[in-house]
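Engineer: All residue numbers for the sequence shown refer to full-length UniProt numbering, where the first residue is 1 and numbers rise by one. Glycine included, each C-beta is placed from N, C-alpha and C at the ideal position. Small disclaimer: the values here were computed from a predicted structure and weren't measured. This is the structure, below, for whatever I ask next.
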Amino acid sequence: MKPSAFEYHAPETAEHAIALVAELGDDAKFIAGGQSLMPMLNLRLAVFDHLVDLRKPVELRGIERRGDRMWIGAGTTHATIGRSAEVADAVPLLARATPLIGHFQIRNRGTLGGSLAHGDGAAEYPVVASVLDAEIETLSPRGRRTVPASQFFTGMWTTALAADELLTGVLFPAWTGRCGFAIEEFARRKGDFALAGAAVAVRVDAEARIDRCAIALFGVGPTPVRCSVLGSELLGRNITEIVAEDVGREALSALTTVSDDLHGPAAYRRRLATTMVTRAWRRAAEEASR
1 MKPSAFEYHA PETAEHAIAL VAELGDDAKF IAGGQSLMPM LNLRLAVFDH
51 LVDLRKPVEL RGIERRGDRM WIGAGTTHAT IGRSAEVADA VPLLARATPL
101 IGHFQIRNRG TLGGSLAHGD GAAEYPVVAS VLDAEIETLS PRGRRTVPAS
151 QFFTGMWTTA LAADELLTGV LFPAWTGRCG FAIEEFARRK GDFALAGAAV
201 AVRVDAEARI DRCAIALFGV GPTPVRCSVL GSELLGRNIT EIVAEDVGRE
251 ALSALTTVSD DLHGPAAYRR RLATTMVTRA WRRAAEEASR
């Protein structure tokens, strides 16, 4: 399949890209790495008269430590993130999620901003942003704003971004202290989207009591699912006394709806997700305990 005809634009700056989309209206669409958008265009699941390419604006790329947070430009590729020693040190969960994304060709072209803006509920970067309480920076003709990850993903392939709004960067908190991070997923083939997965971030104090905890699921619904109640219930408990299998069961007990499609029935996905949470918790807890 081939996409329908479109006019190609390659602005030099983010401001110019915003102005173009504002001028062209609903017939225009931003394109970053194109690893999600181009297949949709080729299959005619989406049609646009204008594509505004974001590969030229240098202000959309980069990795920079900003106090207790790590800023990553929206145009930064998965491969660049995966190679960054700074990311591995400050945001290890993001570094560990990166090799799970597609294949190396996809990671060479795909971008952080593209993944988040696409908002696939089975993708790795959205769940990492949710678990780490990332803040997503945007630019539009109305100015700049910052959207918490908890409010950014709104439905299947939909986000809080307006049609004329550009995702410019992401701020990830850099956890310090005795921390553990893990992401686990199950896919039919390496590189496929996960049928179910889980991400965990946990921190303990000097007595091994949990003082910070976040657990989220992906691949089980249209958006990442943060297990906020469970995370709160685990606070203050000694991490060595928590049974990983109990965490897995509790995470799924509060989930009322699970995706049911041709890739896997809801009951199967629920069992997979329970196992993924159990594995991720065990790995993260062992790391924090060390």
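Quick check on DSSP: helix, strand or coil for residue 70?
Structural biologist: Correct three-state label for residue 70: strand.
Engineer: For residue 188, which option in 106, 77 and 262 has the closest C-alpha, if you only look at C-alpha atoms?
Structural biologist: Taking only the C-alpha atoms, the option nearest residue 188 is 262.
Engineer: Between which two residues does the beta strand (DSSP E) holding residue 135 run?
Structural biologist: Its beta strand (DSSP E) spans residues 135-140.
Engineer: Pair every Cβ in the segment 182-202 with every Cβ in the segment 271-288, then say whether three or more of these pairs are closer than 8 Å.
Structural biologist: Touching, per the Cβ criterion.
Engineer: If the criterion is Cβ atoms closer than 7 Å, does the pair residue 171 and residue 124 meet it?
Structural biologist: No, these two residues do not count as a Cβ contact at 7 Å.
Engineer: Would DSSP call residue 101 helix, strand or coil?
Structural biologist: Coil.
Engineer: What are the uninterrupted segments assigned as beta strand (DSSP E) that are 3 or more residues long and contained completely in the segment 193-263, given in chain order?
Structural biologist: Listed in chain order, the complete beta strand (DSSP E) runs (minimum 3 residues) inside the segment 193-263 are 196-204 and 210-218.
Engineer: Specify, as a first and last residue, the run of the alpha helix (DSSP H) that residue 184 falls within.
Structural biologist: Not the alpha helix (DSSP H): residue 184 falls in the beta strand (DSSP E), residues 178-186.
Engineer: Note down the Cα distance separating residue 76 from residue 132, rounded to an integer number of angstroms.
Structural biologist: So the two alpha carbons sit approximately 19 Å from each other.
Engineer: Taking only beta-carbon atoms, is residue 197 less than 7 Å away from chain B?
Structural biologist: The chain inventory of the structure shown lacks chain B, comprising one protein chain alone.
Engineer: Quick test of your reading: residue 95 and residue 54, contact by CB under 8 Å. State the CB separation rounded to the nearest angstrom.
Structural biologist: The Cβ separation is near 23 Å, so there is no contact.
Engineer: Less than 6 Å between C-beta atoms, sequence neighbours within five positions excluded: which residues of the same chain meet that for residue 12?
Structural biologist: Result list for residue 12: 56, in chain order.
Engineer: What residues in its chain sit with their C-beta under 6 Å from that of residue 115, if we drop five residues either side in the sequence?
Structural biologist: 123 and 125, listed in sequence order.
Engineer: Terminal residues of the continuous alpha helix (DSSP H) containing residue 278?
Structural biologist: Residues 266-289.
Engineer: Does the distance from the CB of residue 52 to the CB of residue 28 come in under 7 Å?
Structural biologist: Yes.
Engineer: Quick one: complete alpha helix (DSSP H) runs, 4+ long, within the segment 34-92?
Structural biologist: 37-42, 78-83 and 85-90, all fully within the segment 34-92.
Engineer: Look at the alpha carbon of residue 212 and the alpha carbon of residue 230, and state the distance between them as a whole number of angstroms.
Structural biologist: Straight-line Cα distance between these residues: approximately 12 Å.
Engineer: Let's see if you can read the secondary structure: which residues bound the beta strand (DSSP E) around residue 30?
Structural biologist: Here the beta strand (DSSP E) through residue 30 covers 28-31.
Engineer: Where do the N-terminal and C-terminal ends of the beta strand (DSSP E) with residue 153 fall, by residue?
Structural biologist: Taken as a continuous stretch (DSSP letters only), the beta strand (DSSP E) holding residue 153 covers 153-155.
Engineer: State the Cα-Cα distance for the pair residue 38 and residue 26, rounded to the nearest angstrom.
Structural biologist: Residue 38 and residue 26: Cα-Cα distance of roughly 18 Å.
Engineer: With a 10 Å radius around its C-beta and 16 neighbouring C-beta atoms as the bar for buried, classify residue 156 as buried or exposed.
Structural biologist: The residue is exposed, with fewer than 16 neighbouring Cβ atoms inside 10 Å.
Engineer: Is it the case that the segment 278-285 contacts the segment 232-246, given that we only count it when at least three CB pairs across the two stretches are under 8 Å?
Structural biologist: Flag = yes, the segment 232-246 and the segment 278-285 touch.
Engineer: Roughly how far, in whole angstroms, is the beta-carbon of residue 167 from the beta-carbon of residue 117, given that I think they are within contact range, below 8 Å?
Structural biologist: Contact holds; Cβ gap of about 5 Å.
Engineer: Return the first residue and the last residue of the alpha helix (DSSP H) that residue 114 is part of.
Structural biologist: First-last of the alpha helix (DSSP H) with residue 114: 112-118.
Engineer: Roughly how many angstroms lie between the CA atoms of residue 241 and residue 285, to the nearest whole one?
Structural biologist: Distance between the alpha carbons of residue 241 and residue 285: 10 Å.
Engineer: For residue 72, collect the residues of the same chain with a Cβ closer than 6 Å to its Cβ; drop the 5 residues on either side in sequence, then sort them by chain order.
Structural biologist: Correct list, in chain order: 63, 112 and 170.
Engineer: With a 10 Å radius around its C-beta and 16 neighbouring C-beta atoms as the bar for buried, classify residue 151 as buried or exposed.
Structural biologist: Exposed: under 16 other Cβ atoms inside 10 Å.
Engineer: Based on the DSSP output, what are the partners of residue 296 in its beta bridges?
Structural biologist: A question about residue 296 goes unanswered here, because the residues of the chain that appear run from 1 up to 290.
Engineer: Taking all protein chains shown into account, decide if residue 110 is buried (16 or more other Cβ within 10 angstroms of its Cβ) or exposed.
Structural biologist: Burial call: buried.
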